[in-house]
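This report refers to the structure that appears directly beneath it.
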Amino acid sequence: MSAIDEVKQLIRDRDLSGITQKFRESGLDEQVSSWISKGENLPVVGDQIEKALGNDVVSGIAAKLGITTSQAADEIAQAVPEVVDELTPDGELPRTAS
1483 MSAIDEVKQL IRDRDLSGIT QKFRESGLDE QVSSWISKGE NLPVVGDQIE
1533 KALGNDVVSG IAAKLGITTS QAADEIAQAV PEVVDELTPD GELPRTAS
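Numbering (this note's numbering), first residue to last: 1483 to 1580.
Next comes the structure, spelled out in structure tokens:
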């Protein structure tokens, strides 16, 4: 599996709205908005990923990928904007069934 696959799995497990809310609560509102919109994606770095998702999540992904937690955070930081952008082609979060 790749970091992109792990991010997609994380979003499936936890819901796209929930994941983006975690990032927003961690001070990444501008970045999240850029990933969802149709414009250019703003980057994030590994430390921001670890703060938003928590060390347990990042270290779990690291273990699955066979890399260090720091490497996983950096790879997730590269993958998250791309995956969120891919999952929001219309420039907004998909509606969930209630």
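Ideal Cβ placement from N, Cα and C applies to all residues, glycine included.
Note that the coordinates shown come from a computational prediction; the quantities given were computed from them, not determined experimentally.
Measuring straight from C-alpha to C-alpha, what distance separates residue i and residue j?
i	j	result
Val1566	Ile1558	12 Å
Ser1484	Leu1492	12 Å
Val1514	Asp1497	15 Å
Ser1552	Ile1486	16 Å
Pro1563	Asp1495	18 Å
Asn1523	Ser1516	5 Å
Gly1528	Leu1575	24 Å
Ser1499	Leu1547	25 Å
Asp1538	Arg1577	28 Å
Leu1569	Gly1542	23 Å
Thr1550	Asp1556	10 Å
Ser1580	Gln1503	Because the pLDDT of Ser1580 is 47, which lies under 50, any placement of that residue in the model is unreliable, and the number read from its coordinates should be weighed accordingly. Cα-Cα distance, rounded: 18 Å.
Please determine, among the options, the residue with the shortest C-alpha to C-alpha distance to residue i.
i	options	result
Glu1488	Thr1570, Asp1572, Val1540	Val1540
Pro1571	Ile1501, Gly1521, Ile1486, Asp1497	Gly1521
Val1526	Leu1569, Arg1577, Phe1505, Asp1538	Phe1505
For residue i and residue j, which I take to be in contact (beta-carbon distance under 8 Å), what is that distance rounded to the nearest angstrom?
i	j	result
Ile1501	Gly1573	Incorrect: roughly 17 Å between the Cβ atoms, too far for contact.
Ala1561	Ala1554	Not quite, the Cβ-Cβ distance comes to about 10 Å (not below 8 Å), so this is no contact.
Is the beta carbon of residue i within less than 6 Å of some heavy atom of the ligand NAP?
i	result
Gly1500	Summarising the ligand content, the structure contains no ligands, and the ligand NAP is consequently not present.
Given 8 Å as the limit, is there contact between the region 1490 to 1510 and the region 1524 to 1535, that is, 3 or more CB pairs closer than that?
yes
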